[in-house]
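Residues 279 to 462 in the working numbering are what the sequence shown lists, from first letter to last.
Ideal Cβ positions, reconstructed from N, Cα and C, are used throughout, including at glycine.
As the structure is a computational prediction, the values presented were derived from the model and not from experiment.
Contents: one structure, followed by commentary.
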Amino acid sequence: MESAYPYLKSLHIIFVVSWFAGLFYLPRLFIYHTEAHTKPEPARGILLAEYRKNEKLLFNAIMVPAMWLTILSASWMLYLIPAWLEQSWMHLKLTFVAGVVAYHFYCRKLIYERRQDHFRHSSFQLRLWNEVATVLLFAIVFLVVLKNALDWIYGVVGLLVFAVLIMMAVRLVKRRREQKQQKP
């Protein structure tokens with residue numbers, strides 16, 4: 279059974295990549311959807327219908343199956359190597375994975391809100407939300423690769439610095455976009 283482990287690990291990585299592709303793209307669709315909400319008709323109606331369709335398709339056809347296949351393959355690997363569950367890095371990794379699952383389901387909530395034309399987040403807020411998946415992926419990958427070599431204090435500080443840098447970059451892009459719009 280352990281000879282199957284490299285194949286299982288390969289599939290797990292593919293499922294994670296597929297899931298995160300959706301987690302990165304869906305909030306981008308939310309941004310476009312929110313911005314389309316302010317357009318004049320008939321463009322507004324056409325764009326809103328298209329974004330609703332694309333969000334539903336991305337979530338149901340790609341993200342949900344990829345999430346379940348990620349969880350299934352991870353569970354199978356933990357079944358094959360249960361000693362990992364005794365290691366502190368795995369506990370922290372599973373906490374971050376729970377954060378990814380929560381992020382996934384909050385995105386589903388945002389899909390339902392948009393179907394009802396409820397836009398409570400600005401496109402800027404959604405741009406920041408879009409970076410949460412990046413921070414979670416960063417944390418998980420470093421935990422998996424470094425395992426016990428990771429100094430928890432430096433790891434947490436590094437993660438926070440990374441999150442702040444991403445948010446600063448989002449603000450910088452927003453400012454530059456506004457400056458370009460103001461030029462004649």
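For a minimum of 4 consecutive residues, which ranges assigned as the alpha helix (DSSP H) are wholly contained in the region 353-396? Secondary structure within the region 353-396: the alpha helix (DSSP H) runs of 4 or more consecutive residues, fully enclosed, are 366-393 (chain order).
How many Å lie between Gln-394 and Ser-353 at the Cα? Distance between the alpha carbons of Gln-394 and Ser-353 is about 36 Å.
Leu-388 to Ile-292 span [Cα, whole Å]: The alpha-carbon atoms of Leu-388 and Ile-292 are separated by roughly 26 Å.
Range covered by the alpha helix (DSSP H) that runs through Ala-282: DSSP places Ala-282 outside any alpha helix (DSSP H), giving it a letter other than H or E.
What's the gap between the Cα of Tyr-294 and the Cα of Leu-450? It should be noted that the sequence gives Val, not Tyr, for residue 294. In a straight line, the C-alpha of Val-294 is about 30 Å away from that of Leu-450.
Does DSSP classify Arg-398 as helix, strand or coil? Arg-398 falls in the coil class under three-state DSSP.
Any idea what DSSP makes of Pro-318, helix, strand or coil? Residue state, collapsed to three classes: coil.
Excluding five sequence neighbours on each side, which residues of the same chain lie with their C-beta closer than 6 Å to the C-beta of Val-378? Closer than 6 Å at the Cβ level, and outside the excluded window around Val-378, lie Leu-414.
Measuring only the C-alpha atoms, how far is Leu-325 from Glu-391? Taking the straight line joining both Cα atoms gives about 16 Å.
For Tyr-283, which residues from the same chain have a beta carbon less than 8 Å from its beta carbon, with the 5 sequence-adjacent residues on both sides left out? For Tyr-283, where only same-chain residues beyond five positions count, the Cβ hits under 8 Å are Met-355, Leu-358 and Ile-359.
Specify the secondary structure class of Lys-461 as computed by DSSP and reduced to three states. Reduced to three states, the DSSP call for Lys-461 is coil.
Rounded separation between Leu-436 and Gly-300 - CA only: Going by the sequence as given, residue 436 is Gly instead of Leu. Roughly 25 Å between the two C-alpha positions.
Just checking my contact of Leu-304 with Leu-336 at CB under 8 Å: how many whole Å lie between their CB atoms? The beta-carbon separation of Leu-304 and Leu-336, rounded to 6 Å, stays under the 8 Å limit for a contact.
For Leu-370 and Trp-346, I'd like the C-alpha separation in whole angstroms. The C-alpha of Trp-346 is placed about 20 Å away from the C-alpha of Leu-370.
Hey, Trp-407 and Ala-344 are a contact pair by Cβ (cut 8 Å); roughly how many whole angstroms apart? Not a contact, Cβ separation roughly 19 Å.
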